[in-house]
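Enquirer: This is the structure I have questions about; it appears just below.
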Amino acid sequence: MTLFLDRLYRAAAIIAASCIGAICLLISAQVVLNAATRAGLPLPATIPSYADFSGFLLAAATFLALPWTLRTGGHVRVSLVTRMLPRRTAFVVELAVLVLGASFAGYATYYAALLAYESHAFGDLSRGIVPVPLWVPQVFMVAGLALLTVALLHSFAQTWAARAPVLGGGEEA
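Under the working numbering, the sequence shown has 1014 at position 106, and the numbering climbs by one with no breaks.
Spelled out as structure tokens, the structure:
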């Protein structure tokens, strides 16, 4: 199961990286169009709703990268206190933090899913030149939050089984 979940987190991270790459291409294309327009070339001056699309891609990248970042130790961890605790106490604190994090992530997942459902039900559209159904970018937020919840629960199960914290790496604050 761990291998499957780790592959799922990695796939989400690859999609997130692809979103960042797409933002780079989109903004670069807009810069080229601006330069071409200033040079008098008969090209359109702008990519319709490019700022909206960039924002949607950035949101998708942010949320889809969360589980992989957690599992690879990329988040900033406040370990100043836990390093000074006895091993057993640090273990209990780690479990409590993972449960609390999973609870918050699950709560956010539920309400993000509700938001996406309502956006779909009411036919909400973005206000840009190109109207985009808002549930489309919101689905990526829901997927990222759901995977983060799973990653936190996965980490809890591994921590419980190892009887010691399993998440490491990360910068210390």
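Cβ coordinates follow ideal geometry from the N, Cα and C atoms, glycine included.
Could you tell me the alpha carbon to alpha carbon distance between A924 and F971, rounded to whole angstroms?
Expert: 8 Å
Enquirer: With a Cβ-Cβ cutoff of 8 Å, do L1061 and A1010 count as a contact?
Expert: yes
Enquirer: What residues in its chain sit with their C-beta under 6 Å from that of H1028, if we drop five residues either side in the sequence?
Expert: W1043
Enquirer: Rank A1069, A1059, A937 by C-alpha distance to the C-alpha of T980 and give the top, closest one.
Expert: A1059
Enquirer: Taking 8 Å as the limit between beta carbons, can you name the residues of its chain near A944, skipping five residues before and five after?
Expert: Here the set comprises L951.
Enquirer: Suppose contacts are defined by Cβ-Cβ distances below 8 Å. Is A920 in contact with L1006 by that definition?
Expert: With contacts defined by Cβ atoms closer than 8 Å, A920 and L1006 do not form a contacting pair.
Enquirer: CA-CA distance, L916 and P1073?
Expert: 22 Å
Enquirer: When DSSP labels each residue in this structure, what does L1033 get in the three-state scheme?
Expert: strand
Enquirer: Do the segment 981-993 and the segment 1014-1026 meet, that is, are 3 or more Cβ pairs less than 8 Å apart?
Expert: Too few Cβ pairs lie closer than 8 Å, so no.
Enquirer: Would you tell me roughly how many angstroms separate the C-alpha atoms of I931 and S957, rounded to the nearest one?
Expert: 12 Å
Enquirer: Does the Cβ of M909 have 16 or more other Cβ atoms within 10 Å, making it buried, or fewer, making it exposed?
Expert: Exposed.
Enquirer: Does DSSP put P1041 in a helix, in a strand, or in coil?
Expert: strand
Enquirer: Tell me the rounded alpha-carbon separation between Q1066 and A998.
Expert: Going by C-alpha positions, Q1066 is about 15 Å away from A998.
Enquirer: Here's a check: name, in chain order, each residue in its chain whose Cβ is nearer than 8 Å to the Cβ of L1003, leaving out the five neighbours to either side.
Expert: F1064, T1067, W1068.
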